[in-house]
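So the sequences go chain by chain: A and B. Take 5 as the starting number for the first sequence in our numbering and just add one per residue. Take 7 as the starting number for the second sequence in our numbering and just add one per residue. Cβ coordinates follow ideal geometry from the N, Cα and C atoms, glycine included.
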Amino acid sequence: MRRMTTLLATSALAVTASATFAQEMADSMTLVSWGGAYQASQRNAYAEPYKEMHPGLEVVWDESSNEAVAKLRAMNEAGNVTWDLVDVVASDAMRLCDEGLAMEYDPDELLAPAPDGTPASEDFGDLIVSDCFIPQIVYSTTFGYRTDMVGDTPPDDICDVFDLEAYPGKRSLEKRPINNMEWALLCSGVAKEDIYDVLETEEGQNQAFAKLDTIKDQVIWWSAGADTPQLLADGEVVMGSTYNGRLFSVIEEQDQPVAMLWDAQVFDLDGWIIPAGLPADRLARVKDFVKFATDTQRLADQAAYISYGPARQSSAPLVGEHAELGIDMAPHMPTDPDNAQNTFLYNYEWWADYRDDLDAKFQAWLAKG
Amino acid sequence: MSSIDLPSTPKPSLTRFVLPIVTGAGALFGLLTGSAMDSPSPGLVIGAVVGAALAYALVSFMPSRRAGRWAAVALFAVIGLLVGGLPGIVAGAAIGGVMGWITYWLSTGDYRNTVPIYYTAPQVLWHNTYLFICGLIFFFLIAPIVTILPLSFNAEMFFTFTPKMLALDPEGYSLRHYRDFFSNPDWQQALANSVKIAPLATLLSVSFGTLAAIGLSQEHVPFRRPIMAILISPMIVPLIISAAGMYFFYSRIGLQGTYWGVVLAHAALGIPFVIITVTATLVGFDRSLTRAAANMGADPVTTFFRIQMPLILPGVISGGLFAFITSFDEVVVVLFVGSAGQKTLPWQMFTGLREQISPTILAVAAILVAISICLLTVVEMLRRRSERLRGMSPA
């Protein structure tokens, strides 16, 4: 009898164990991303290769990263999460993590180690800025200018954006305080290391707004990453800020008379989060995909389609040539030493504390005459 | 007019009437051309002088209207060529046509032709101003649509009239955005989804809407007005509210993110259009016909399909058309109720516009405009045909 019980218990254990190891994987997967060239780079670098390895798998893309936070909240409320893997910027990942909408993970368990055996947590290093955030790329928000509208002295300093005499004409800036406030303070004489201390004070904020006031009537405000490229191509603006990959596309792929102004570019991170509470089969599928999609080679492959820096240190030496144009991609990366002489890193902690307040003040400032 | 000779109105004065107006029109065109070339004031003056000279020359020396107008077109085309090269010819010819037409329209007294002979000068002025305002409204409605058509043949990746396009250089035009639409799997999937969703949603809207309209037109149905109000409420309630409500409701019952969920949601949006058009047609429907049919032994179903349906068909068809276009154009509800697998054309256009600003959207828009024009033309022809067959004069 005792032996019988033991036998039963063992076989039950074995069944459970095999169930956990050979977890049934869902045969369809909904990935959420930003659309456009960025989504195409993800598709080419890892979604298509993964599909080839797993015939019969259906991959559906949803271009909803822009409203991912709101949509995930609604899905959670309705008890019907239809997304499996969501591409978001780091600050959104932090919010989703705080609200319990994104799954926390262990980097060394979920993500593949580097080819030389360095564990993922070291390979990604500081870029894992949240317990839920799986970093993919480093991008930057920086300026592009029309080469045919700036005369013989092209701008090479961030403060040229505020110089209406040397560079008359409209400029486009993002319709939010982040980045604009930092640039304004930097150009009104605040030292780079003091910027966030100054920006915490009422006078500091007023100083930034005063600097922005000097160009306010020459600014076209954008809210989608595609706006500035369109405005530059139209010649509607002489310079404008946007994501560096968009500018790369305008300059190299669309052949427009535009050049980069890398000074004081602001680095930010983009990556995946896994929604919390996925059913076991979908979770198993997503984990399998993420392990593949964020390995060293895949992240380096992505750089062949778009000029964003891979988030793994071990991927950087593998960055090669553009997939279609055949140009060397390394000099177009925001992290290239020539481009990264003067940079900011998006200050997540600071903006998490001050974002709501400054958003309100910024909107009020915009509305004021 | 008949053979009776009406006293002809005196010819309008050249110097006090025709000349000032044509000079004004010339000044306006001059101002527009001048503004395009960054010198509005000289443009205004030159335009006024040319206009005055043209009016004087045409009225005094060119009695033949046809020859005079061609002369004006040719003259302005040459001016356009000198000013703006190849594209200048087109613009110049258009301006010349308008100027020549205005001159003869005024100088021969044609501008009074469409009004009764007893109208006073202010009344004539108002009548023509009114026509002009109507033309302007028409222009404002059509201009945005006409603008996107040439832009969709842009060779660049931006929503921009490039210098090459303006110079009518064939290199500035291409079919690449149309190619992209027909070869890109995202767009093809969106097109397939739209084509799968819209007809079924239309079918449901038409069936339910027609039945509801017939039922609600019966005198004996209680609470007709409140029921009607509820049924057409999707048309009145802001779409975003319906969409959010449907999202939470459909999630609970497992319809969110499914094909049938989107079809049902679109059907609900289409029903009000069908109810309204069919109810309007039923007003003119003679109920004694159904009673006569019943009297001859037809059951209600036969009566409906053989007697009532053919007579109210125009209303049903136009309601169905509205329902179809509602589903085909709808973006808010599908964003909520659908998931990525039900991405329709408007959804794809919406995300494309926000993330990429790709002219493929313009190519799609041009194709959709063409489809809409075809649909409306077909329906209008069907309607006229059925009216002719029934001996009614086309409205």
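Residue i, enclosing alpha helix (DSSP H) - first and last residue
i	result
B:Val24	No alpha helix (DSSP H) contains B:Val24, which DSSP labels as neither H nor E.
A:Gln211	Glu206 to Asp217
A:Met98	Ala94 to Asp102
A:Thr300	Thr300 to Gln306
A:Leu349	Run containing A:Leu349: none in the alpha helix (DSSP H); it sits in the beta strand (DSSP E), Thr347 to Leu349.
B:Met171	Pro169 to Leu172
Span separating the alpha-carbon of residue i from that of residue j
i	j	result
B:Tyr117	B:Gly49	28 Å
A:Val223	B:Phe165	20 Å
A:Glu126	A:Pro341	22 Å
B:Ala173	B:Glu162	15 Å
A:Gly193	A:Asp161	13 Å
B:Ala1	B:Thr39	The shown model of chain B, from 7 to 401, leaves out residue 1 of chain B, and the question about it has no answer.
B:Pro3	B:Ile238	The structure shown does not extend to residue 3 of chain B, since chain B is modelled only from 7 through 401, so no value can be given for it.
A:Trp276	B:Ile247	31 Å
A:Trp225	B:Ala369	27 Å
A:Pro314	B:Thr366	30 Å
A:Phe25	A:Phe128	Only weak support exists for where A:Phe25 lies, its pLDDT of 48 falling under 50; the value from the coordinates is given anyway. Those two C-alpha atoms are separated by around 27 Å.
A:Leu374	A:Tyr149	Nothing can be reported for residue 374 of chain A, as the shown portion of chain A is limited to 5 through 373.
A:Gly121	A:Ser319	13 Å
B:Gln348	A:Glu71	18 Å
A:Ala118	A:Arg289	22 Å
A:Thr218	A:Pro123	50 Å
A:Gly4	B:Ala286	Outside the displayed range of chain A (5 to 373) lies residue 4 of chain A, so it cannot be described from this structure.
B:Lys202	B:Asp175	40 Å
B:Thr153	B:Phe167	10 Å
A:Leu89	B:Ala204	30 Å
A:Asp198	A:Trp354	13 Å
A:Val294	A:Ala237	37 Å
B:Gly215	B:Val384	22 Å
B:Leu288	B:Ser213	15 Å
B:Ile85	B:Leu245	52 Å
A:Tyr143	B:Gly267	38 Å
B:Arg75	B:Val28	14 Å
A:Phe296	A:Asp102	27 Å
B:Arg394	B:Leu319	14 Å
B:Ala61	B:Val79	13 Å
CB contact flag (residue i, residue j, <8 Å)
i	j	result
A:Ala74	A:Phe137	no
B:Gly53	B:Phe82	no
A:Leu251	A:Met264	yes
A:Gly83	B:Ser257	yes
A:Lys174	A:Cys191	no
A:Val254	A:Val262	yes
A:Gly39	B:Thr357	yes
A:Met243	A:Tyr171	yes
A:Ala228	B:Glu361	yes
B:Thr21	B:Leu64	no
First and last residue of the uninterrupted beta strand (DSSP E) at residue i
i	result
A:Asp201	Premise fails: A:Asp201 lies in the alpha helix (DSSP H), Ile199 to Leu203, not in any beta strand (DSSP E).
A:Pro139	Ile138 to Arg150
A:Gly275	Val262 to Ile277
A:Thr232	Looking at the DSSP string, A:Thr232 is not in any beta strand (DSSP E); the run it does join, the alpha helix (DSSP H), is Asp231 to Asp238.
A:Ser69	Unbroken run through A:Ser69: none, as it is neither H nor E.
A:Asp178	Reading off the sequence shown, one finds Glu at residue 178 of chain A, where the question assumed Asp. It spans Arg175 to Glu178 - the beta strand (DSSP E) in which A:Glu178 sits, taken as one unbroken run.
A:Met243	Met243 to Tyr247
6 Å CB neighbourhood of residue i in its chain, flanking five on each side removed
i	result
B:Thr283	Gly321, Ser324 and Gly325
B:Thr120	none
B:Met241	Pro278
Residue i Cβ short of 7 Å to the ligand PLP heavy atom set
i	result
B:Gly178	With respect to small molecules bound, the structure shown includes none, and the ligand PLP cannot be examined in it.
Contacts around residue i, its chain only, beta-carbon distance under 8 Å, and the 5 residues preceding and following it disregarded
i	result
B:Pro18	Val24, Leu112, Ser113 and Gly115
B:Pro26	none
B:Trp353	Ala196, Val337, Val340, Leu341 and Gly344
B:Gln314	Ile220, Phe291, Leu295 and Thr296
A:Arg286	Ala30, Met33 and Asp88
B:Val130	Tyr117, Arg118 and Val121
A:Asp292	Met29
Beta carbon proximity, residue i to chain C, threshold 8 Å
i	result
B:Met302	The chain inventory of the structure shown lacks chain C, comprising the protein chains A and B.
Neighbourhood of residue i by C-beta distance below 7 Å, restricted to the same chain and skipping five residues each side
i	result
B:Leu359	Ile367
Evaluate the contact criterion for the segment 98–114 of chain A versus the segment 151–167 of chain A: three or more CB pairs, one atom per stretch, below 8 Å.
Counting Cβ pairs under 8 Å, fewer than three are found: no touch.
Tell me whether the segment 90–97 of chain B and the segment 356–368 of chain A touch, counting them as touching only if at least three CB pairs, one residue from each stretch, are closer than 8 Å.
The answer is no - the segment 356–368 of chain A does not touch the segment 90–97 of chain B, with fewer than three Cβ pairs under 8 Å.
Is the segment 124–144 of chain B touching the segment 332–350 of chain B in the sense that three or more CB pairs, one from each, lie closer than 8 Å?
Flag = no, the segment 332–350 of chain B and the segment 124–144 of chain B do not touch.
Evaluate contact between the segment 301–315 of chain A and the segment 41–56 of chain A, counting only Cβ atoms and requiring at least three cross-stretch pairs below 8 Å.
Here the segment 301–315 of chain A lies against the segment 41–56 of chain A, with 3 or more beta-carbon pairs under 8 Å apart.
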